[in-house]
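See below for the structure under consideration.
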Amino acid sequence: MRSSSLVEDILKDITTTLNPMIPRASREAQLLLMAHLSCDELWLMTNKKSEVKDVDKLFQWVNRRAKNEPLEYITNKVSFYSEEFYIASGALIPRPETELFIDEVINNISNPHAKITFVEVGIGSGIISIMLALKFPHAKFIAVDISPAALEIATINIKKFSLEDRIELRLGSLLEPVKEHIDYLISNPPYIANDTDLESNLLYEPQNALFGGTIGDEIIKELLSEVLKRNINFFTCEMGYDQKDKIRNYLKDTKSEDLNFYEDLSGFDRGFTLKL
Ligand SMILES: C[S@@+](CC[C@H](N)C(=O)[O-])C[C@H]1O[C@@H](n2cnc3c(N)ncnc32)[C@H](O)[C@@H]1O
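If you count the sequence shown from 1, you need to add 514 to reach this note's numbering.
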């Protein structure tokens, strides 16, 4: 039994439980309690003497976090490009650097009212297709994933943003389920080499969202070969920080002005666009 369930005491108890396994334990305590109470930081700071209900449920979350399960899987919420999305363990947690992917695509399309067909390979939680559907209101999207669990999570997010009429989901591998003409192919595929040792928090994420093959870039190359075969006008793809040379080499017959690499905010190579 806890001696007190006041906000200030619960915050101290969570911090003690998370220390020393979780860095910035007192901040994580605030985030867990804010999610539990569905309140913001201002409320938390100004209501330290308020009583917290359902403390047992809260501490089930805290114990999961103490085992390094990502906060996003525990609270089922993740923020991406200033929007809040549903997330659960069947899909990769969106990474902040993928926001630059959205900017890269936006920069490539001069007409925001373009009636084009985007195809996404590996939709995961849905963040990329959903954000681009919001930016390009006349575009239509076909999105593929090999994981039924990921497609379930994408379905929830597509419904949340009322985009059921514009984003069609298909279960399958790469472009195999897409026979239609594609104007713009987009993908943040798995690109880590299969034998990479993962940090413990990454072990909670779906492994087929992370590992891209023995070298790591196999899926990217399969997509590139489809782009060349089908003559797809635009392809934007996220990649690993050390894959630029391999991709440039694979595309050595392509004019350099048709291949643009972009970096993340730390200056690491992060993705590219191929224009045919
Ligand atoms: C790195 S995650 C990206 C998820 C989401 N688009 C994002 O950016 O957060 C890669 C996704 O590709 C899916 N995937 C892996 N192999 C695939 C394949 N052969 N065909 C289609 N999707 C695949 C995984 O299930 C996962 O959802």
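Glycine residues also receive a C-beta, built at the ideal position from the N, C-alpha and C atoms.
| Asked | Found |
| --- | --- |
| Quick one: grab the DSSP three-state call for Phe749. | strand |
| State yes or no: is the C-beta of Pro683 nearer than 7 Å to some heavy atom of ligand 1? | Before going on, a small fix: residue 683 reads as Leu here, not Pro. Every heavy atom of ligand 1 is 7 Å or more from the Cβ of Leu683, so no. |
| Is DSSP giving Thr768 helix, strand or coil here? | coil |
| With which residues is Ala707 paired in a DSSP beta bridge? | Gly727 |
| Give the straight-line distance between the Cα atoms of Glu732 and Asn622, rounded to the nearest whole angstrom. | 25 Å |
| Any beta carbon of chain B sitting closer than 8 Å to that of Lys562? | No chain B is part of this structure, which consists of one protein chain only. |
| Mark Ser483 as exposed unless 16 or more other C-beta atoms lie within 10 angstroms of its C-beta, in which case mark it buried. | Beyond the ends of the chain as shown, which are 515 and 790, falls residue 483; an answer cannot be given. |
| In this structure, what does DSSP give as the bridge partners for Thr631? | Lys654 |
| Is Asn763 buried or exposed, if buried means 16 or more other CB atoms sit within 10 Å of its CB? | exposed |
| Rounded to the nearest angstrom, how far is the Cβ of Phe632 from that of Leu646, given a contact under 8 Å? | 6 Å |
| Starting from Asn621, trace the alpha helix (DSSP H) both ways and give me its first and last residue. | Thr612 to Asn622 |
| Roughly how many angstroms separate the alpha carbons of Phe675 and Ile644, rounded to a whole number? | 8 Å |
| My assumption, with CB atoms under 8 Å, is that Leu546 sits in contact with Arg579. Please give the rounded CB distance. | 6 Å |
| Can you grab the Cα-Cα spacing for the pair Asn625 / Ser596, in whole Å? | 23 Å |
| State the CB to CB distance for the pair Pro703 and Leu648, rounded to an integer number of angstroms; the pair is presumed to be in contact (CB under 8 Å). | Actually they do not touch by this definition, with Cβ atoms about 22 Å apart. |
| Please list the terminal residues of the continuous beta strand (DSSP E) segment that includes Val592. | Lys591 to Phe594 |
| Does the distance from the CB of Ile729 to the CB of Ile761 come in under 8 Å? | no |
| Just to confirm my understanding: we take Val592, look at its own chain, exclude 5 residues before and 5 after, and list those with CB closer than 7 Å. What are they? | Glu586, Phe599, Ile601, Ile607 and Pro608 |
| So, are the CB atoms of Asn582 and Asn708 less than 8 Å apart? | no |
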